[in-house]
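Encoded as structure tokens, the structure appears first; notes follow it.
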Amino acid sequence: MSTITINPHDLFHGEENLLQTPQEGTGYCPLQVGEIVGEDFQIVRKLGWGGSSSVWLAKDTSQDFECYAAVKVMTANSTWGILSDEPHEKCYEFEVFDKLTSPECEGHPSLQYCVEFWRSFYIRSVHGGHYCMALRPYCATLRQLQCSLHPRHFPLDIVKRVVRQALSGLALIHQLGFVHGVDVQSHNLMIDFDPDDYIKPLSERIGRYIRANPVETPYAVPSGGEYSVPPIVVKSQPLGNLGAEQRLNKLRVHVADYGSAISIDQTSCGKPLETPLPSRAPETVLGQPFSVPVDIWAVGCLLFQLDRAHSQSERNQAHLSQMMHYFGPFPSCTMSGDLQRNLALDDQDIGATAAFMHRCFVFDPSQRATASDLLTDNWFQS
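In terms of the UniProt record's numbering, the sequence shown has 112 at position 112, counting the first letter as 1, and numbering is strictly consecutive.
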């Protein structure tokens, strides 16, 4: 009888590969529900994971009222990057948060459009050390909210609100000396529950949601061979919109994911940007020097994404992106035609929206508008 060999790396069903080592590029921390980390944070749910971290909802047991945090646990490999002094290996995420919480940012009006950092700590696992950041929790990403809408696009006034807030957050990050760099898209914009909420009612709302939507049962990867202790896989269960789709006029978004940010004075060190092709600026595709203008190109792509009633496939988006990389941006009349087919806008709105997008898609990065420039664009007043 033949024996079927199962590769343990194929057993995680869309979750992070807990068996992959730091030397292989990751080294995820195998946390469990109920575990205490950072002395006070009790893990209650996994919210999701990405290329450099996993994110967990945790209850702050040091408080005398119900209080939750989103704990971002870096992989062992990314933790090396945070501690590294080599510019081409360095992860600048903690440095971004350090700047955002410095006295120079206290009271800055754009600070509210960046994710809120509470504190950091360090834990260990079988893969080594993991740098952790306790952040203010948010209910969902803008992409998750958009996917819950029917039709799946935002009204123009909400698009303007989202883009203005994202630009405000980016302008501050640029002012502090960093390029966001990875992907200023809807999956990297976190939704605020309600701008008027304080910590206590916010956490009460989270508590009600997780009690009504319990954690799915974790499962163990079959052990055998070199794997003496089978890792336990916890399914990602992000928080829902919590009614955000019913109050879009109060929507507030926060620029997130600084894992691929890079210091402006280190952009020539050889560290590659990890921006996906559909939102990648032409200078990065062509291997030319880059800086903060790459984020502005991505904002144009964000606007294109939020404006569309009928989302294009990733293949079509990549194809259009390649056309712009080689031949330059589409003329405003082409953008206007596309917007007219997908949105019920009058000619004035279509023209102003297309003109705004065209400022983002200038081929020469030295001529591309800055975040501060775009915040004064007439499009926001039209």
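Note that CB positions come from ideal geometry on N, CA and C, so glycine has one too.
{"Check": "Classification of N249 by the beta-carbon crowding that lies within 10 angstroms, buried from 16 upward", "Outcome": "exposed"}
{"Check": "DSSP-derived helix/strand/coil call for K46", "Outcome": "strand"}
{"Check": "T75 and Y28 closer than 7 Å at C-beta", "Outcome": "yes"}
{"Check": "Backbone CA spacing between I296 and R161 [nearest angstrom]", "Outcome": "16 Å"}
{"Check": "Cβ pair G169, S260 closer than 7 Å", "Outcome": "no"}
{"Check": "Stretch-stretch touch, CB-based, cutoff 8 Å, three pairs: the segment 118 to 131 with the segment 282 to 295", "Outcome": "no"}
{"Check": "Inter-stretch contact at 8 Å, needing at least 3 Cβ pairs: the segment 113 to 123 / the segment 131 to 147", "Outcome": "yes"}
{"Check": "The segment 59 to 68 touching the segment 29 to 44, judged by at least three CB pairs closer than 8 Å", "Outcome": "yes"}
{"Check": "Residue environment, I36, which counts as buried when at least 16 other CB atoms sit within 10 Å", "Outcome": "exposed"}
{"Check": "Among L18, Q23, V179 and D257, the one whose alpha carbon lies nearest that of V71", "Outcome": "D257"}
{"Check": "Where N188 falls, given that 16 or more other Cβ within 10 Å makes a residue buried", "Outcome": "buried"}
{"Check": "Beta-ladder partner(s) of W297, from DSSP", "Outcome": "Paired residues: none, contrary to the question."}
{"Check": "Cβ-Cβ separation, P218 to I206 (assumed contact under 8 Å), whole Å", "Outcome": "No, I206 and P218 are not in contact; Cβ-Cβ is about 21 Å, not under 8 Å."}
{"Check": "Distance, N241 Cα to P140 Cα", "Outcome": "Sequence check: residue 140 is Ala here, not Pro. If you take the alpha carbons of A140 and N241, they lie about 6 Å apart."}
{"Check": "Inter-residue spacing [alpha-carbon to alpha-carbon] between I210 and T26", "Outcome": "29 Å"}
{"Check": "Beta-bridge partners of G128, as assigned by DSSP", "Outcome": "S125"}
{"Check": "One or two residues paired with K99 in a DSSP bridge", "Outcome": "Answer by DSSP bridge pairing: none, since K99 is not bridged."}
{"Check": "Host beta strand (DSSP E) of W56 (start-end)", "Outcome": "S53 to D60"}
{"Check": "Unbroken beta strand (DSSP E) run spanning A70, endpoints", "Outcome": "Y68 to M74"}
{"Check": "Reference F290, options H153, C91, A354 and F178, closest by Cα", "Outcome": "F178"}
{"Check": "Residue burial classification, R152 (beta-carbon count within 10 angstroms, cutoff 16)", "Outcome": "exposed"}
{"Check": "Limits of the alpha helix (DSSP H) - the one that L189 falls within", "Outcome": "Not the alpha helix (DSSP H): L189 falls in the beta strand (DSSP E), residues L189 to I191."}
{"Check": "Among I173, S148, F94 and I82, nearest to S110 - alpha-carbon criterion", "Outcome": "I173"}
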